[in-house]
Amino acid sequence: MKRVVFFLLIILISSCSFFDSKQKRTQELIDEELRHMDWNSVDSYPFFYTCDEAVTKEQQRICFEETLISHFQETLNDFEFTLTDKESETVEVIFVIDTLGKIRVADIYKNELVLNQMPEFDGVITQSLKNLPKLAPALKRGIPVNTKYRIPVQLNTN
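Mature numbering (1 follows the signal peptide of the UniProt record, and there is no 0) puts the sequence shown at residues -19 to -1, 1 to 139.
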């Protein structure tokens, strides 16, 4: 009986260390893979459902950018912004597309001139993004990921 208990005890102790080392090795492999992953690129850009999902990555990017820029142009053409001191001004809009394909403004960089003369600009941009067509998130290794984009918006006064 003592031998059976001793034998079971040895199996129990060795099996715990077996699982421990297997788990440790798995974590090491994951850590190694994460260190070598390019976190600055995606496998598939976010895409509007009006774009073709089966095209190349570059064509997806082009369709995404063209759809977004065209939407911004349509929205901004509906509003009359007035800059009195300059012919043109560039504003940078930074936005995030989350893993569900929802888009939100992260920040808008503009100078004091734009802030003073066009206080409604932020609201127009935010509303414009809310009115975008349905969007699918970017993918990295088949998993939806958050992506951040920066778009320069040129405001012309003439």
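Just so you know, even glycine gets a beta-carbon here, dropped at the ideal spot from N, CA and C.
Reduced DSSP secondary structure (H/G/I, E/B, other) of Asp24: If DSSP states are grouped into helix, strand and coil, Asp24 belongs with coil.
Endpoints, the alpha helix (DSSP H) within which Val95 is located: Glu93 to Gln98
Burial state of Ala119, where buried means 16 or more other Cβ atoms lie within 10 Å: Burial call: buried.
Exposure label - Leu96; buried when at least 16 CB within 10 Å: Sixteen is the threshold: since fewer than 16 other Cβ atoms of the shown chains lie within 10 Å of the Cβ of Leu96, the residue is exposed.
C-beta atoms of Ile106 and Val77 nearer than 8 Å: no
Per-residue DSSP class, three states only, for Lys129: strand
Under 8 Å between C-beta atoms of Pro133 and Gly82: Not a contact, by the Cβ cut-off of 8 Å.
8 Å contact criterion, which Phe80 and Pro125 should meet: CB distance rounded: Looking at the sequence shown, residue 80 is not Phe but Thr. So it is a contact: roughly 4 Å between Cβ atoms.
Option in Leu49, Val72, Lys111 and Gln108 with minimal Cα separation from Leu94: Relative to Leu94, the option among Leu49, Val72, Lys111 and Gln108 whose CA is nearest is Val72.
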